[in-house]
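Read the structure below first, then the notes.
Okay, here's the thing in structure tokens:
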């Protein structure tokens, strides 16, 4: 069993113990590595057939397992992508509508590079008027679907999110987007903002430490 599969098994065990663990498994990586030709998902020993009898808890497990593939750089083949899409479509058809589940479905479609499906799932996961947080998969979905303006705007909106405690990450990812689009001057500006944000956060932390001391 590969490292990511062992890790997934451990995660699933923890999920069965902790009542609401899914919040801790936020998507951290912005772009996934290219497929390496190994059927990691197709041959996963814990993959199950999704049916009408599949419980919400089992669905949660499967969505976490798919997301874990990215976290541990598991190779994703074309066969894997097809299988992931099929499983996610079955989960969507069950209409177990919870924002968190839809968020993971969006992330799964990103992994499978089914960008239009990812965009639709991501947009459904956001409540009207909400700003996506920095780790929301909608930014990658828009970029993958070549909706570049929407990708940039959604990242800028993440700076206004109530729970954005890491503005430098937003600037860093904006810099990466502009770099990939070939706008190097703007990429540099965004990276500079990221550095300034880090310095500001660090200085604020030191100041608080001095006061408390």
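Numbering (UniProt numbering), first residue to last: 1 to 213.
For each residue, glycine too, the CB sits at the ideal point set by N, CA and C.
Only a predicted model underlies this, so the values are computations on that prediction, with no experimental measurement involved.
Asked, Found
"Under 7 angstroms: does the beta carbon of residue 122 sit that close to some heavy atom of the ligand SAM?", "Ligands are entirely absent from the displayed structure, and the ligand SAM is therefore not among its contents."
"Rounded to a whole number of angstroms, what is the C-alpha to C-alpha distance between residue 89 and residue 192?", "41 angstroms"
"Between 126, 184, 75 and 187, which lies nearest to residue 157 when the distance is taken from Cα to Cα?", "126"
"On the three-state DSSP scale, how would you describe residue 195?", "helix"
"DSSP three-state call for residue 169: helix, strand or coil?", "helix"
"Taking the straight line between their C-alpha atoms, what separation do you get for residue 70 and residue 111?", "7 angstroms"
"Taking only runs of the alpha helix (DSSP H) that begin and end inside the region 78-103, which ones reach a length of at least 4 residues, in chain order?", "78-93"
"So what does DSSP say about residue 39, is it helix, strand or coil?", "strand"
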